[in-house]
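Counting from 3, one number per residue, gives the positions in the sequence shown under our numbering.
Ideal placement from N, C-alpha and C gives every residue a C-beta, glycine not left out.
Here the structure is laid out as structure tokens; the discussion comes afterwards.
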Amino acid sequence: MAREGAQVVDSPHCPQPHAAASVTQAARAVKCGMETSSPSAAALAPARLDILRPDDWHLHLRDGDALDAVVGHTARQFARAIVMPNLRPPVTTTEQAVAYRGRIMAALAKSGIAADRFTPLMTLYLTDNTPADEIVRAHASGVVHAVKLYPAGATTNSDAGVTDLLGRCAPALQAMEKVGMPLLVHGEVTDSDIDLFDREKVFIDRVMIPLRKAFPGLKVVFEHITTKDAAHYVRDADGPIGATITAHHLLYNRNALFIGGVRPHWYCLPVLKRETHRQALVEAAVSGSPRFFLGTDSAPHARGLKEHACGCAGCYTALHAVELYAQAFDLAGRLDRLEGFASLFGADFYGLPRSTEKVTLVREDWTIPDELPYGNTTVVPLAAGESLPWRLES
Ligand code: DOR
Ligand code: ZN
């Protein structure tokens, strides 16, 4: 089967890979009011940028061989990461989170990375049946830093997710509000009659607003926001709310999914939206508001499961995330705001100390590899084969 798949991709009867410009170039050609890529702006921009080491507030590390393959990429870039719990089976208890943390630390050691170099911040997967005392245990562990809401059926491994948030999860939400444990929200409704591109907007009205009215003290992170509606909702809301924004949602609009043919490596959930939404996300990210911070949502899938008749959702950016964000902030002419977004505001929101070590970004073209080892297969990094203008010194 894998051979058949490869033949289709390489088929001389499919002109698309050759006909298409790079997705990044094509995306750049889209007129964007935020961009300041004129030669004069580039000439004024710095050649080096020192910032405190960033943290990733939304990451998929997987498990087993996949974990071994990817953990080093994130640890090279980030000081800490909030690790998503959507394994199979999902991480629903503190005990499971502690065990998963142990496997991550073992994978780091196998990659030759010192234990004090990278800290995984664990999360629990909220279900209809999460008891309040599990939240208390999670909080007391010092290992679990948040609880993730996946609406059932919304995305990868979300079958065990929540079917009725306020109806079924009130005891857990109450306990979280009480102990100050943040709820990380995959903000999409799953009703089949709602257009895929409207799922985030509808979620705000049907779930987010009632949730925050019922639990006004609950810390909420609206994860991987993709719309102007979500950016403005978070910007204008009262109370303890923040949002993560991915590098891919800052750099690309939905055209990237179809440039010269279907581009499965740009497919993620929530899906890329139209250009007006991308511009609103850039505006939020570079605004200097501490409510918006970095979360890659880097989500590796084996190459064959992306290049597939029913391809998996997720963009793999752990290898080059900081560089992708630097590019987005540079295009907006706001490299000066990168450090707050990438290295300060997330830690502040979670009530954790800011990282202290500095890293350096240099303006230097390099080419993103075509693929990377991933167990007995490979994973394709986002924008593979394309050139990036910033490089993180390790
Ligand atoms: O694109 C996505 N991939 N979105 C998610 O919410 C989950 C993730 C994954 O785990 O693959
Ligand atoms: Zn995610």
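| message | For ligand 1, I want to know if A385 counts as a neighbour, meaning its beta carbon is within less than 6 Å of at least one of the ligand's heavy atoms. | response | Working through the sequence shown from its first residue, we reach residue 385 at position 383. Not so, every heavy atom of ligand 1 lies at least 6 Å from the Cβ.
| task | Quick one: residues in its chain with C-beta nearer than 6 Å to the C-beta of A81, no 5 flanking neighbours on either side, listed in chain order? | result | Here residue 81 is taken as the residue at index 79 of the sequence shown, counted from 1. The residues are R55, D57 and S357.
| request: Pick helix, strand or coil for K360, following the three-state DSSP scheme. | output: Residue 360 sits at position 358 when you count from the first residue of the sequence shown. Three-state result, K360: strand.
| R201 - containing beta strand (DSSP E), residue span | The residue labelled residue 201 in the question sits at position 199 within the sequence shown. Note, R201: premise wrong, no beta strand (DSSP E); alpha helix (DSSP H) at R201 to F205.
| request: With I247 as the anchor, note down where its beta strand (DSSP E) starts and where it stops. | output: Taking the sequence shown and counting its residues from 1, the one referred to as residue 247 is at position 245. Looking at the DSSP string, the run of the beta strand (DSSP E) that includes I247 is I243 to I247.
| field | The beta strand (DSSP E) enclosing R55, as first and last residue numbers | value | The count along the sequence shown starts at 1 and reaches residue 55 at position 53. Neither: R55 is in no beta strand (DSSP E) and is coded neither H nor E.
| said: Please give me, in chain order, every unbroken run of the beta strand (DSSP E) with length at least 3 that falls completely inside the segment 172 to 229. | reply: 185 to 187 and 222 to 224
| query | Can the beta-carbon of A320 be found less than 7 Å from the beta-carbon of V72? | reply | By one-based count along the sequence shown, residue 320 stands at place 318. By one-based count along the sequence shown, residue 72 stands at place 70. Yes, these two residues count as a Cβ contact at 7 Å.
| query | Would DSSP call I397 helix, strand or coil? | reply | Residue 397 falls outside the range modelled here, since the chain spans only 3 to 396, and no answer is possible.
| field | G316 beta carbon near ligand 1 (any heavy atom closer than 6 Å) | value | Numbered from its first residue, the sequence shown carries residue 316 at position 314. Yes - ligand 1 has a heavy atom lying nearer than 6 Å to the Cβ of G316.
| request: Please report how far the alpha carbon of T38 lies from the alpha carbon of F343, in whole angstroms. | output: For this step, residue 38 is matched to residue 36 along the sequence shown. For this step, residue 343 is matched to residue 341 along the sequence shown. With a pLDDT of 40 at T38, under the threshold of 50, the modelled position of this residue cannot be trusted; read the value that follows with caution. Approximately 19 Å between the Cα atoms of the pair.
| query | Which residue from L198, D350 and W368 puts its Cα closest to that of E395? | reply | Taking the first residue of the sequence shown as position 1, residue 395 is located at position 393. With distances taken between Cα atoms, E395 lies closest to W368.
| said: Closest to T158 by C-alpha separation, out of V364, Q98, F351 and S300, would be which residue? | reply: For the purposes of this step, residue 158 is taken as the residue at position 156 of the sequence shown. Measuring from the Cα of T158, the nearest candidate turns out to be S300.
| field | Other residues of its chain near Y152: CB distance less than 6 Å, five sequence neighbours each side excluded | value | In the sequence shown, residue 152 corresponds to position 150, counting from 1. If we look at Y152 and ignore the five residues flanking it on each side, its Cβ neighbours are S160, G163 and H188.
| task | Let me know the secondary structure DSSP gives V72 once reduced to three states. | result | Along the sequence shown, one-based indexing puts residue 72 at 70. If DSSP states are grouped into helix, strand and coil, V72 belongs with the helices.
| Could you give the C-beta distance for L337 and P92, rounded to a whole number, given that I count them as a contact under 8 Å? | As a working mapping, residue 337 is identified with position 335 in the sequence shown. As a working mapping, residue 92 is identified with position 90 in the sequence shown. Not quite, the Cβ-Cβ distance comes to about 38 Å (not below 8 Å), so this is no contact.
| Since A148 is in the beta strand (DSSP E), which residue starts that stretch and which ends it? | Indexing the sequence shown from 1 puts residue 148 at position 146. Residues V146 to L151.
| Residue burial classification, D193 (beta-carbon count within 10 angstroms, cutoff 16) | As a working mapping, residue 193 is identified with position 191 in the sequence shown. Result: exposed.
| Nearest-angstrom beta carbon gap, E136 and T95 [assumed within contact, 8 Å] | Counting from 1 along the sequence shown, the entry for residue 95 is found at position 93. Counting from 1 along the sequence shown, the entry for residue 136 is found at position 134. About 6 Å separates the two Cβ atoms, so the contact holds.
| query | On the three-state DSSP scale, how would you describe S143? | reply | Position 141 of the sequence shown, counted from the start, is the residue given in the question as residue 143. Reduced to three states, the DSSP call for S143 is helix.
| Nearest-angstrom Cα separation, counted from A174 out to P133 | Locating residue 133 in the sequence shown gives position 131, counting from the first residue. Locating residue 174 in the sequence shown gives position 172, counting from the first residue. Approximately 6 Å, taken between the alpha carbons.
| task | Could you check what DSSP says for F347 in three-state terms: helix, strand or coil? | result | Your numbering for residue 347 matches position 345 in the sequence shown. If DSSP states are grouped into helix, strand and coil, F347 belongs with the helices.
| message | Quick check: A83 and L61, are their CB atoms within less than 7 Å of each other? | response | Position 81 of the sequence shown holds residue 83. Position 59 of the sequence shown holds residue 61. Taking 7 Å as the Cβ cut-off, A83 and L61 qualify as a contacting pair.
| Regarding D195 and ligand 2, is the C-beta to nearest heavy atom distance less than 6 Å? | For this step, residue 195 is matched to residue 193 along the sequence shown. No.
| request: Starting from the C-beta of V382, find all residues in its chain whose C-beta is less than 6 Å away, skip the five residues before and the five after it, and write them out in chain order. | output: Taking the sequence shown and counting its residues from 1, the one referred to as residue 382 is at position 380. Only H267, R305 and E373 meet the Cβ criterion.
| Which partner residues of H82 appear in the DSSP bridge assignment? | The residue you call residue 82 lines up with position 80 of the sequence shown. Going by the sequence as given, residue 82 is Arg instead of His. Per DSSP, T121.
| said: Going by beta-carbon coordinates alone, are R298 and A323 separated by less than 7 Å? | reply: Against the sequence shown, residue 298 aligns to sequence position 296. Against the sequence shown, residue 323 aligns to sequence position 321. The amino acid occupying residue 298 in the given sequence is Thr; Arg does not appear at that position. The answer is yes: Cβ separation under 7 Å.
| For ligand 1, is there a heavy atom less than 6 Å away from the beta-carbon of A301? | Within the sequence shown, numbered from 1, the residue matching residue 301 stands at position 299. Checking every heavy atom of ligand 1 against the Cβ of A301, one is found closer than 6 Å.
| Using DSSP with H/G/I as helix, E/B as strand and the rest coil, what is R403? | Given a span of 3 to 396 for the chain in the structure shown, any question on residue 403 remains unanswerable.
| request: Check each candidate in T362, S289, I243 and H250 and name the one with the smallest Cα separation from R339. | output: For the purposes of this step, residue 339 is taken as residue 337 along the sequence shown, with counting starting at 1. Closest option to R339, Cα to Cα, is S289.
| field | Simplified DSSP state of Y127, which is helix, strand or coil | value | For the purposes of this step, residue 127 is identified with residue 125 of the sequence shown, where counting begins at 1. Y127: strand per DSSP, three-state reduction.
| 7 Å Cβ cutoff met for T362 and R119 | For the purposes of this step, residue 362 is identified with residue 360 of the sequence shown, where counting begins at 1. For the purposes of this step, residue 119 is identified with residue 117 of the sequence shown, where counting begins at 1. No, these two residues do not count as a Cβ contact at 7 Å.
| message | Does S291 pass the burial test, meaning 16 or more other C-beta atoms within 10 Å, or should it be called exposed? | response | Along the sequence shown, read from residue 1 onward, the residue named residue 291 stands at position 289. The residue is buried, with at least 16 neighbouring Cβ atoms inside 10 Å.
| message | According to DSSP, is P375 part of a helix, a strand, or is it coil? | response | Translated into the one-based positions of the sequence shown, residue 375 becomes position 373. Note: P375 maps to strand in three-state DSSP.
| said: At a cut-off of 6 Å, would you count H251 as near ligand 1, judging by its Cβ distance to the nearest heavy atom? | reply: Start at 1 with the first residue of the sequence shown, and residue 251 comes out as number 249. For ligand 1, not one heavy atom lies less than 6 Å from the Cβ of H251.
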